[in-house]
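Report on the structure given below.
Protein chains: 2
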Amino acid sequence: MGEFELIERLFRPLAEDTWREGVQLGPGDDCAIQRVPEGHDLVFSVDTLVEGIHFPTAYDPARLGWRALAVAVSDLAAMGADPVCYTLAMTLPEADESWARGLVSGLAEASRSFGVALAGGDITRGPLTLTLQVHGTVPRDQAIRRSGARPGDLVAVSGPLGGAAAALPWLDQVHPPASAAPSLICYHRPRPRCDLGHGLRGLASAAIDISDGLVADLGHILKASGVGARLELDRIPLAPAPEGTDTRAMRAHALYGGDDYELCVTLSPSALTGLSKDIAGTLTVIGTITAVTEYRLLHPDGSEEAVRGAGGYDHFGAGQGSL
Amino acid sequence: MGEFELIERLFRPLAEDTWREGVQLGPGDDCAIQRVPEGHDLVFSVDTLVEGIHFPTAYDPARLGWRALAVAVSDLAAMGADPVCYTLAMTLPEADESWARGLVSGLAEASRSFGVALAGGDITRGPLTLTLQVHGTVPRDQAIRRSGARPGDLVAVSGPLGGAAAALPWLDQVHPPASAAPSLICYHRPRPRCDLGHGLRGLASAAIDISDGLVADLGHILKASGVGARLELDRIPLAPAPEGTDTRAMRAHALYGGDDYELCVTLSPSALTGLSKDIAGTLTVIGTITAVTEYRLLHPDGSEEAVRGAGGYDHFGAGQGSL
Numbered sequence: 001m002g003e004f005e006l007i008e009r010l011f012r013p014l015a016e017d018t019w020r021e022g023v024q025l026g027p028g029d030d031c032a033i034q035r036v037p038e039g040h041d042l043v044f045s046v047d048t049l050v051e052g053i054h055f056p057t058a059y060d061p062a063r064l065g066w067r068a069l070a071v072a073v074s075d076l077a078a079m080g081a082d083p084v085c086y087t088l089a090m091t092l093p094e095a096d097e098s099w100a101r102g103l104v105s106g107l108a109e110a111s112r113s114f115g116v117a118l119a120g121g122d123i124t125r126g127p128l129t130l131t132l133q134v135h136g137t138v139p140r141d142q143a144i145r146r147s148g149a150r151p152g153d154l155v156a157v158s159g160p161l162g163g164a165a166a167a168l169p170w171l172d173q174v175h176p177p178a179s180a181a182p183s184l185i186c187y188h189r190p191r192p193r194c195d196l197g198h199g200l201r202g203l204a205s206a207a208i209d210i211s212d213g214l215v216a217d218l219g220h221i222l223k224a225s226g227v228g229a230r231l232e233l234d235r236i237p238l239a240p241a242p243e244g245t246d247t248r249a250m251r252a253h254a255l256y257g258g259d260d261y262e263l264c265v266t267l268s269p270s271a272l273t274g275l276s277k278d279i280a281g282t283l284t285v286i287g288t289i290t291a292v293t294e295y296r297l298l299h300p301d302g303s304e305e306a307v308r309g310a311g312g313y314d315h316f317g318a319g320q321g322s323l
Numbered sequence: 001m002g003e004f005e006l007i008e009r010l011f012r013p014l015a016e017d018t019w020r021e022g023v024q025l026g027p028g029d030d031c032a033i034q035r036v037p038e039g040h041d042l043v044f045s046v047d048t049l050v051e052g053i054h055f056p057t058a059y060d061p062a063r064l065g066w067r068a069l070a071v072a073v074s075d076l077a078a079m080g081a082d083p084v085c086y087t088l089a090m091t092l093p094e095a096d097e098s099w100a101r102g103l104v105s106g107l108a109e110a111s112r113s114f115g116v117a118l119a120g121g122d123i124t125r126g127p128l129t130l131t132l133q134v135h136g137t138v139p140r141d142q143a144i145r146r147s148g149a150r151p152g153d154l155v156a157v158s159g160p161l162g163g164a165a166a167a168l169p170w171l172d173q174v175h176p177p178a179s180a181a182p183s184l185i186c187y188h189r190p191r192p193r194c195d196l197g198h199g200l201r202g203l204a205s206a207a208i209d210i211s212d213g214l215v216a217d218l219g220h221i222l223k224a225s226g227v228g229a230r231l232e233l234d235r236i237p238l239a240p241a242p243e244g245t246d247t248r249a250m251r252a253h254a255l256y257g258g259d260d261y262e263l264c265v266t267l268s269p270s271a272l273t274g275l276s277k278d279i280a281g282t283l284t285v286i287g288t289i290t291a292v293t294e295y296r297l298l299h300p301d302g303s304e305e306a307v308r309g310a311g312g313y314d315h316f317g318a319g320q321g322s323l
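Chains A and B are the protein sequences, given in the same order. Heads up: the first sequence at position 99 corresponds to 99 in the UniProt record's numbering, and the numbers run straight through without jumps. Heads up: the second sequence at position 218 corresponds to 218 in the UniProt record's numbering, and the numbers run straight through without jumps.
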């Protein structure tokens, strides 16, 4: 048995243990087969994670497994889609069995938690990268797109922001301070907001998951919708700050830091009042959508700041883009 | 505008120029959306191509674009599925505009030829790898799987084999001999057999595309179906040989070389006689499926060779596997 065949076998339980209705044929043939329920559409997204860029070098493989799948499923949540399955294409520098077992354990925990089964994949020798494509379904024409925000809509987020970015200084530390624990959980264990996305179908006018920081991601909605926004910075819920990080720094993490995987949504005031108590309780209104295509941040001291360009923050300088 | 944003823009026409019915939403949102026609299933496959392993270092980008998409779509052909769209996740060492334009031109030509649109993707800085996931559709329960071969079925292939492997010595040469031209076309311009796969729905009992060599790939069918086979080597159609390559070497290329992307199918004798003239004309019968789970090659000199293990050739030693 070849060394990579052994690795491959370790991944097979991800298909078998988390079998999911709709997956007619999983790994092992030329293709996998998925049955999309009648009256529904397929919703899918692909992301590549490169070691040293999207996760730290020598990152714990079980954490990587959870994080990789959570980040991918978060894109489904942002469309209001229900997760079904995923494919995993990996390049690995070596057939390291113990490392692979760690990755499988993290993927397995996340698979069960989010209700997705492994449907297919590919393992090749190469520098460590993971490419996950997630598949979900949504009733026809009910996917929440980025392009639906309208003047007068409210801007809301689904939870405290900035935690993952605040964790960055402690990621490599063996003994981080206790006060960094909540931030580290934000980074290592993001939770895609699938239930919320599901509940916002037909109610939210636009949605996006916050992966690049609130300013950049809301910027994508503004650009796609052809509108502007005013954000009230003192209304943005902030994650607990580690010792030595003040509110101003936490706010900067929330605005520009990324990796939060909360949802940023727009919805009309009447849609907000029509939400169930459960869903309304998870949303915090932080601003409004304007017809004027200006993107303005209102600081707590009363000053205003214009975000450069209606598209917001340019995240491509970081060496990545998405099609 | 960031350097990778420029690269990203070069790829956008792949979505716009080859718009495909069924793709409700292409690149630019958190997810893409595909509508699978009623009564049909989604069929999908993911493959990663790493520079220096799956294609030569410094390979012409336009050839890479064609080859990458052709190889991916070939998996759909093997299931009898009709191609619809694909995603492309790339890691690129640098934002090289001229290289990217070449890749886009090759992808565009292949997209139009195979009828697939770019539905989404991801571009990241890293060592050169391409991960393509192709999506097709097939009427419910009509996908051709590897597991349906039955004793008494015939084994057939869709065209001459060995050409791509015969090209390997010439890939890096600026002036290869004229006699190597047919082999080089096999390597650079594989053509997925989508029409044939489509025509074999409900008729072939099993199918696979020949990517790892006939012996390995038929071995996958035998293993999945729990059967054996006898191959008559002198019946295997061989691609034109370059100067200095004899029939014996070409036969070895056909058996073990790979990269041919013809189909290997099994079907009952009555199914074969029921085929339309067009389809029957593209198939060459080269052996039979046996109840005894032995995998035997009958050499032209009358000698017999047993292939090690019913699963055939172990291709995992090459440092890759598929889930």
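The C-beta atom is built at its ideal place from N, Cα and C for all residues, glycine as well. These figures come from a predicted structure and were not determined experimentally.
When the distance is taken between beta carbons, is residue j closer than 8 Å to residue i?
i	j	result
B/L233	B/L298	yes
B/G80	B/R201	yes
B/A143	A/I7	no
A/A119	A/V23	yes
B/R150	B/I236	no
B/C78	B/L263	Here residue 78 of chain B turns out to be Ala, not Cys, going by the sequence shown. Yes, the pair counts as a contact, with Cβ atoms nearer than the cut-off.
Does DSSP classify residue i as helix, strand or coil?
i	result
B/H315	At B/H315 the pLDDT is 34, less than 50, meaning the model places this residue with poor confidence and gives no usable figure here.
B/T273	helix
A/V53	Just to set this straight, residue 53 of chain A is Ile in the shown sequence, not Val. Three-state result, A/I53: coil.
A/A156	strand
A/A310	Below a pLDDT of 50, predicted positions are generally treated as unreliable, and A/A310, at 39, falls in that range; the measurement from the model is reported next regardless. A/A310 falls in the coil class under three-state DSSP.
A/T293	coil
A/V36	coil
A/P182	helix
A/G202	coil
B/A100	helix
B/I7	helix
B/A164	helix
A/E21	coil
A/G148	helix
A/E304	strand
B/D259	coil
B/P176	coil
A/Y59	coil
A/C31	coil
A/P13	helix
A/P192	coil
A/L107	helix
A/A81	coil
A/D278	helix
A/L75	Note on identity: in this sequence residue 75 of chain A is Asp, with Leu being the wrong assignment. Three-state result, A/D75: helix.
State the beta-bridge partners of residue i as determined by DSSP.
i	result
B/R125	B/L92
B/Q133	B/V46, B/T87
A/L267	A/L154
A/L118	A/Y86
B/P139	B/H40
B/V285	B/A156
A/L69	Answer is none; A/L69 lacks a bridge partner.
B/L298	B/E232, B/E304
Could you work out which residues of chain A lie near residue i, taking near to mean beta carbons separated by less than 9 Å?
i	result
B/D278	Residues of chain A passing the Cβ test: none, with the nearest at roughly 23 Å.
B/R193	Those do not exist, as B/R193 stays about 12 Å from chain A at its closest Cβ, beyond 9 Å.
B/L76	D30, C31
By the criterion of Cβ-Cβ separation under 7 Å, what are the contact partners of residue i in chain A?
i	result
B/T91	T48, V50, T129
B/Q24	D41
B/I221	Going along chain A, no residue has its Cβ under 7 Å from B/I221, so there is no contact; the nearest lies around 10 Å.
B/D212	Those do not exist, as B/D212 stays about 12 Å from chain A at its closest Cβ, beyond 7 Å.
Which residues in chain B have a C-beta closer than 9 Å to the C-beta of residue i? List them in chain order.
i	result
A/Q133	F44, V46, T87, A89, G120, T131, Q133
A/R146	G28, D29, D30
A/I208	D29, D30
Below 8 Å on C-beta distance, what does residue i contact in chain A?
i	result
B/T247	None at all; the shortest Cβ gap to chain A is about 30 Å.
Name the chain B residues whose beta carbon is nearer than 8 Å to that of residue i?
i	result
A/A32	V43, F44, S45
A/R35	D41, L42, R140
A/A156	Residues of chain B passing the Cβ test: none, with the nearest at roughly 17 Å.
Along chain B, in chain order, which residues have C-beta atoms closer than 7 Å to that of residue i?
i	result
A/E38	E38
Whole alpha helix (DSSP H) runs in the region 207-244 of chain A with 4 or more residues, listed along the chain? Positions of the alpha helix (DSSP H) runs, each at least 4 residues long and wholly inside the region 207-244 of chain A, are given as 214-225 in order along the chain.
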